[in-house]
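Peer 1: Just so you know, the protein sequences line up as chains X and A, in that order. All the letters of the first sequence, read from the start, carry residue numbers 17 to 342 under our numbering. All the letters of the second sequence, read from the start, carry residue numbers -5 to 660 under our numbering. Just so you know, even glycine gets a beta-carbon here, dropped at the ideal spot from N, CA and C.
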Amino acid sequence: MPDPSGLAAAVRRRERPALARALNLLDDRRSESRQLAAELLRLLEADMADEHGHLIGMTGPPGAGKSSLTAALISVWRKRGLRVGVLAVDPSSPVSGGALLGDRLRMKTSSDDDGVFIRSLACRGEFGGLSAEVWPMSLVMLAAFDVVMIETVGVGQREIDVARMCDTTCFVAQPGSGDSIQFLKAGILEVPHVLVVNKEDMGAVARRTLSELGTALGRAHTDGNWEVPVLAASATAGSGIEALADALSAHEKVLRDSKCLLQRRRQYRAQWLLKRLQEEFGSHGIGRLGGEQRVLERLATATLSLFEQHQALREHLLGAADKTHS
Amino acid sequence: MSQDTVKRDRPWLMRTYSGHSSAKASNELYRMNLSKGQTGLSVAFDLPTQTGYDSDHPLARGEVGKVGVPIGHIGDMEALFHDIPLDQMNTSMTINATAPWLLALYVAVAERQGVDTSKLQGTTQNDVLKEYLSRGTYIFPPGPSVRLTTDLIAYTVENIPSWNPTNVCSYHLQEAGATPTQELAYALSTAIAILDAVRDSGQIPAERFAAVVGRISFFVNAGIRFVEETCKLRAFGAMWNQLAEQRYGVSDEKQRRFRYGVQVNSLGLTESQPENNVQRIVLEMLAVTLSKNARARAIQLPAWNEALGLPRPWDQQWALRMQQVLALETDLLEYGDLFDGSPVIEAKVRELVAGAEAEMARIEEQGGMVQAIESGYVKRELVKSHTRRMRDIESGDLSIVGVNCYRETAESPLTAGTDSGIMKVDVQAERDQIAALQAFRAGRDAAVVAAALEELRAAAVSGANIMPSSIACARAGVTTGEWSEVLREVFGEYRAPTGIDIAMAGQSGSDAMDEVRAKVRQTSQELGRPLRLLIGKPGLDGHSNGAEQIAVKGRDAGFEIVYEGIRLTPSHIARAAQEEGVHLIGLSVLSGSHLELVEDIQAELAKIGASELPLIIGGIIPEDDARQLQAHGVQAVFTPKDVDMNAIMATIVNIIRRDNGLQELA
Ligand code: B12
Ligand SMILES: Nc1nc2c(ncn2[C@@H]2O[C@H](COP(=O)(O)OP(=O)(O)OP(=O)(O)O)[C@@H](O)[C@H]2O)c(=O)[nH]1
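#1: Alpha carbon to alpha carbon, what distance is there between residue 165 of chain A and residue 546 of chain A?
#2: What does residue 214 of chain X reach in chain A if we use C-beta pairs closer than 7 Å?
#3: Please state if the CB of residue 229 of chain A and the CB of residue 332 of chain A are separated by a distance shorter than 8 Å.
#4: Indicate the three-state DSSP secondary structure (helix, strand or coil) for residue 175 of chain A in the structure shown.
#5: So, do the stretch 463 to 477 of chain A and the stretch 437 to 455 of chain A have three or more beta carbon pairs nearer to each other than 8 Å?
#6: Taking 7 Å as the line, does the beta carbon of residue 144 of chain A fall inside it for any heavy atom of ligand 1?
#7: Could you name the residues of chain B that residue 604 of chain A contacts, counting a contact when the two beta carbons are closer than 7 Å?
#8: Check whether the Cβ of residue 134 of chain A lies closer than 8 Å to any Cβ atom in chain X.
#9: Using 8 Å as the threshold, is the stretch 371 to 380 of chain A in touch with the stretch 488 to 498 of chain A, meaning 3 or more CB pairs across them?
#10: So who's on the other strand from residue 9 of chain A, going by DSSP bridges?
#11: Got a sec: which bits of the stretch 545 to 573 of chain A sit with their beta carbon under 8 Å from any beta carbon on chain X, in order along the chain?
#12: Would you check whether ligand 3 has a heavy atom nearer than 7 Å to the C-beta of residue 84 of chain X?
#13: With distances taken from CA atoms, which of A/182, A/242, A/111 and A/310 is nearest residue 349 of chain A?
#14: Across which residues does DSSP place residue 304 of chain A in a beta bridge pair?
#15: Counting Cβ pairs closer than 8 Å, one from the stretch 60 to 75 of chain A and one from the stretch 7 to 27 of chain A, do we hit at least three?
#16: Can you pull the chain X residues whose beta carbon is under 8 Å from the beta carbon of residue 492 of chain A, in chain order?
#17: Give the residues of chain X in contact with residue 52 of chain A, contact being defined as C-beta atoms less than 8 Å apart.
#18: Classify residue 323 of chain A: buried if its beta carbon has 16 or more other beta carbons within 10 angstroms, exposed otherwise.
#19: Buried or exposed: residue 82 of chain X, going by 16 or more other Cβ atoms within 10 Å of its Cβ?
#20: On a Cα-Cα basis, can you pick out the residue from A/657, A/617 and A/553 that is closest to residue 642 of chain A?
#21: Identify, in the order they occur along the chain, each residue of the same chain with its Cβ nearer than 6 Å to the Cβ of residue 289 of chain A, setting aside the five sequence neighbours on each side.
#22: Taking the alpha carbon of residue 55 of chain X as the point to measure from, which residue in X/71, X/43, X/24 and X/80 has its own alpha carbon closest?
#23: With residue 710 of chain A as the anchor, note down where its beta strand (DSSP E) starts and where it stops.
#24: Considering only their Cβ atoms, is the gap separating residue 421 of chain A from residue 447 of chain A smaller than 8 Å?
#25: Looking at the secondary structure, which residues open and close the alpha helix (DSSP H) in which residue 181 of chain X lies?
#26: Which whole runs of the beta strand (DSSP E) in the stretch 501 to 556 of chain A are 3 residues long or more, in chain order?
#27: State the start and end residues of the unbroken beta strand (DSSP E) segment that holds residue 363 of chain A.
#28: Is residue 252 of chain X a contact residue of ligand 2, with contact defined as CB to any heavy atom under 7 Å?
#29: Over what stretch of residues does the alpha helix (DSSP H) that includes residue 163 of chain A continue unbroken?
#30: Excluding sequence positions up to five away, which residues of its chain have a Cβ less than 8 Å from the Cβ of residue 326 of chain X?
#31: Which word fits residue 231 of chain X, buried or exposed, when buried means at least 16 other C-beta atoms lie within 10 angstroms of its C-beta?
#32: Residue 515 of chain A versus chain X: which residues are under 8 Å apart at the beta carbon?
#33: For residue 220 of chain X, which residues in chain A fall below 7 Å Cβ to Cβ?
#34: With a threshold of 8 Å between beta-carbons, can residue 138 of chain A be considered close to chain X, or not?
#35: Suppose the cutoff is 8 Å on Cβ atoms and the five residues either side in sequence are ignored; what does the same chain contact list for residue 264 of chain A look like?
#36: Closer than 7 Å: is that where the CB of residue 61 of chain A sits relative to any heavy atom of ligand 1?
Right, dumping it as structure tokens:
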């Protein structure tokens, strides 16, 4: 079993074997591993007060070109001297639990580049959402990379999960498919911070989708202070990628300038921990802690680190459960 | 009846697909084969030549001169045809992504021989679409690839009128698992894509277009179900005739004839009891010869030791003799078509045509063959068919004598020799080739080379036909790697869909499958996270079937599978394994370069601090090599005789368990 403090230090030194081990640990469901994982996260979080890194979520319908765009963005970011981590979330097979993790295929960049690290994840979450491991993994990635991207087939629960986890969300639309527009209008699609129509090399049909999306969208984001850019790009032709990278970092800058970044991250973390508690103890358990609102408040105002707080709440509930059983 | 009173048909062209080590060694082999009565040449190039790398490129390591002849420049091409006058030879070249380049070298050598280049006869395979689906030696994205194919066709139709500029291939599709219907549908859809592209390129005046259609030939497979295969070839003829007439308005019947060459099925040739392959090969040959109206123009046969490794001259001679016995000793060539009018045959042909037309309509709906390849549709359909085939072999529904039935055997004398019954290419050949290449480069006029490459680049960018500037490059002493690199820069490179993202093979598997799933699940629980495998295809090897089937099976068994397709560098594979946190790396290598590649991957793993990852390998691995690999830490070696994939999965689980200090499961 790895030693969390050594591991945390090595991750911060961006050592690739340590990073891989840390991600493995976060994926590990054995209870002794969970303890170590919590400790690792606590150590890393303590060091994250500097709000390092930019966590970007990229969603969109299957085949829109998310992986191809990610690959194109990676080379732009690398040219700008940024180090990039990617979490690629693939839908898993429900029957056997097996999965094909194929997204790397389209993300192939220079293979000897230490500044890029891609980890694929089978989407093992409930109700089609993201699996619980994704978010803590993104924390580890943030400790070692300047830009961290979570890429997943989105629309529906998974897309909402991504939006509730990342600093910036980017939705990739497929030319000619009306779905995205319908979803946006119906409010099924969480409004992204950046909207991009990929495959602009397809010509007229891409332009039409671009203008339809432009009008379907109210432009101003509920975040306030942010006008949602609607961009066109082509991953294969390499056009519009710089502009997309610019738009993503413009949003990051807005967050930083308005001092929202840390607050947002804390809020998301609290929500995520609430979800874990819900998963583990059900709404009944949350009720015993005084309801969702109360739990969120406790998590948000905690003097303890989030993970210590989470642990404390768990132990509280576990203790209570023991008593009722005895 | 005495033989001289009977009018016999002329036999088909008899070829042997060959080439190895160096141009000089291959030239000797060719001249020997010709002296044995072979009537045409079929050149096998090594993988670096096929994928556009010079012999000293890092990716070429272990591959130079191995599965074919290395041709790096005009000097090599000249040596290959030394004392073989090109105006008297019919040469078939299995070359695709770099086809314009190899044809350019061939033309330039003909010039040097003082031969009228307009008289050249032969074939460039030049069908890149099936490379994305099966053969794997593509370089550029589909758009530019189709353009290069088109350029070569337009050039030869106008300048080398007896050349077969493209061999639309269904052979390789069957080798990747295609059914007869799929072979028909995908080959004809490919022909449509290419002919439409030639037409739309505007390089050929409309009134000459029929000549283009007339020059299209096919390269077809013939499997063991030889009655159905005969029907498939009759269906091909009928459908092509109709297509040429209706879609392209070809009025001359001769230009609508379905002209094809054959290599018979090799996928079904076995490692176990390899002598049985002889009868398989002969029966398969019947499929493409019995029906006079659907008879092959040229035939090349694999050898009995196909699944063991590369054939020796004697093995190839045996294969050639099979053809000669059929053509010369039997009465086959004395008769007209044996099947015309047979209602049984006609019904089967109709059934195949109907199936193929339906599939072609689906391709058309998707915008044509290129789109259906890019979207991954066609590859998925092939992987599905192959998965079905493998399942049937495993379950015994598909009988393969010596493999899943009648397995008891006496010791075979065929493999008893010191060479284990296969040819081994001398490792010195690679070093010699590299030294010769470097000497050649040093002796060139660098300015002339640079100017020729600039012209090539200009043509690539402007859309001008690529052949004239390529021929100029050949004359100037440009190398294969240089020609390809310029086009790589202009066109970019491509990675084709892997096709393994198919729906799950079956909800409830067999008992054996359920057992494996339980083992995977149990081990995942004990190790705290899902078991992960990386299936890696290192080097230039394009044989993807095995990797695909292991990947599909692995997912079915409950593993999380990382598979990124063919042609990855050792360093890429090592890094991906680390980044993905896999429990085990499984390599698949069929090209023969397993020793070098495993060594390289182990070195890369050590470099990134991941030496602890267990490594297994599958493919064409001779026993001696298997022992050597295991002595160097490879945990298991699988070969074609290991058809029980549930057992393979169970072994993998146990290797992972052992590696993690868990008790092995029975
Ligand atoms: C099918 C085939 C092809 C197809 C490949 C289609 C595809 N997409 O895969 C086509 C027609 C395209 C082809 C082309 C060529 N081929 Co080929 N091909 C074969 C053939 C007939 C069968 C291989 C196969 O697919 N078997 C079915 C699969 C399921 O079996 P398998 O890969 O062996 O996998 C099983 C086990 O080995 C094991 N396994 C394999 N990998 C792994 C990995 C792991 C992790 C595990 C656990 C297990 C495992 O499990 C599998 C289940 O049983 C073999 C001969 C033979 N009969 O074996 C020649 C053969 C491999 N080909 C050969 C050659 C030379 C070529 C060419 C290079 C020729 C040329 N000069 O151009 C070309 C180019 C290919 C390229 N780009 O590299 C040679 C290789 C010689 C050598 N090693 O010394 C062979 C041995 C034939 C010969 N005797 O000459 N080929
Ligand atoms: N014409 C065109 N095709 C593109 C472009 N980007 C991606 N594609 C193609 O679209 C297909 C899907 O690309 P991916 O990058 O795998 O898309 P994805 O959204 O990650 O797909 P999933 O992971 O399956 O959801 C591939 O065939 C790409 O080649 C583009 O800019 N133009």
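Peer 2: Concretely, from the data shown:
#1: Distance between residue 546 of chain A and residue 165 of chain A, taken at the CA atoms: about 23 Å.
#2: Going along chain A, no residue has its Cβ under 7 Å from residue 214 of chain X, so there is no contact; the nearest lies around 14 Å.
#3: No, they are not a contact pair.
#4: Per DSSP, reduced to three states, the secondary structure at residue 175 of chain A is helical.
#5: Result yes; three or more Cβ-Cβ pairs closer than 8 Å.
#6: Taking the Cβ of residue 144 of chain A as the reference point, every heavy atom of ligand 1 lies at 7 Å or farther away.
#7: In the displayed structure, chain B is absent; the protein chains listed are X and A.
#8: With 8 Å as the cut-off, residue 134 of chain A does not count as an interface residue toward chain X.
#9: At 8 Å Cβ cutoff, the stretches touch.
#10: Per DSSP, A/294.
#11: Within the stretch 545 to 573 of chain A, the residues whose Cβ lies closer than 8 Å to some Cβ of chain X are 545, 548, 549, 550, 551, 552, 553, 554, 555, 556, 557, 558, 559, 562, 563, 565, 566, 569, 570, 572 and 573, listed in chain order.
#12: Summarising the ligand content, the structure contains ligand 1 and ligand 2 and does not contain ligand 3.
#13: Out of A/182, A/242, A/111 and A/310, A/182 has the C-alpha closest to the C-alpha of residue 349 of chain A.
#14: As a beta-bridge residue in DSSP terms, residue 304 of chain A pairs with A/417.
#15: Contact between the stretch 60 to 75 of chain A and the stretch 7 to 27 of chain A is present, because at least three Cβ pairs lie under 8 Å.
#16: Going along chain X in sequence order, the residues near residue 492 of chain A (Cβ under 8 Å) are 118 and 121.
#17: Chain X residues near residue 52 of chain A: none, gap ~11 Å exceeds 8 Å.
#18: When all chains shown are included, residue 323 of chain A counts as exposed.
#19: Classification of residue 82 of chain X: buried, given that the 10 Å Cβ count is 16 or more.
#20: Nearest to residue 642 of chain A by C-alpha distance, out of A/657, A/617 and A/553, is A/553.
#21: Excluding sequence neighbours, residue 289 of chain A sits near 283.
#22: Comparing Cα-Cα distances from residue 55 of chain X to each of X/71, X/43, X/24 and X/80, the minimum goes to X/24.
#23: Absent from the model: residue 710 of chain A. The displayed extent of chain A is -5 to 660, so no value can be given.
#24: In this structure, residue 421 of chain A does not lie closer than 8 Å to residue 447 of chain A by Cβ.
#25: First-last for residue 181 of chain X: undefined, no H or E at that position.
#26: Whole beta strand (DSSP E) segments, 3+ residues: 526 to 530.
#27: Residue range 363 to 368 is occupied by the alpha helix (DSSP H) that includes residue 363 of chain A, with no beta strand (DSSP E) assigned at that position.
#28: Residue 252 of chain X: yes, Cβ under 7 Å from ligand 2.
#29: Looking at the DSSP string, residue 163 of chain A is not in any alpha helix (DSSP H); the run it does join, the beta strand (DSSP E), is 161 to 163.
#30: These residues qualify, in order along the chain: 54, 289, 292, 293 and 315.
#31: So residue 231 of chain X counts as exposed.
#32: Residues of chain X passing the Cβ test: 113.
#33: Within 7 Å Cβ-Cβ: nothing; residue 220 of chain X doesn't reach chain A, min ~15 Å.
#34: Chain X contact via Cβ: absent.
#35: Cβ neighbours of residue 264 of chain A beyond the five flanking positions: 270, 271, 301, 394, 396, 397, 634 and 635.
#36: Checking every heavy atom of ligand 1 against the Cβ of residue 61 of chain A, one is found closer than 7 Å.
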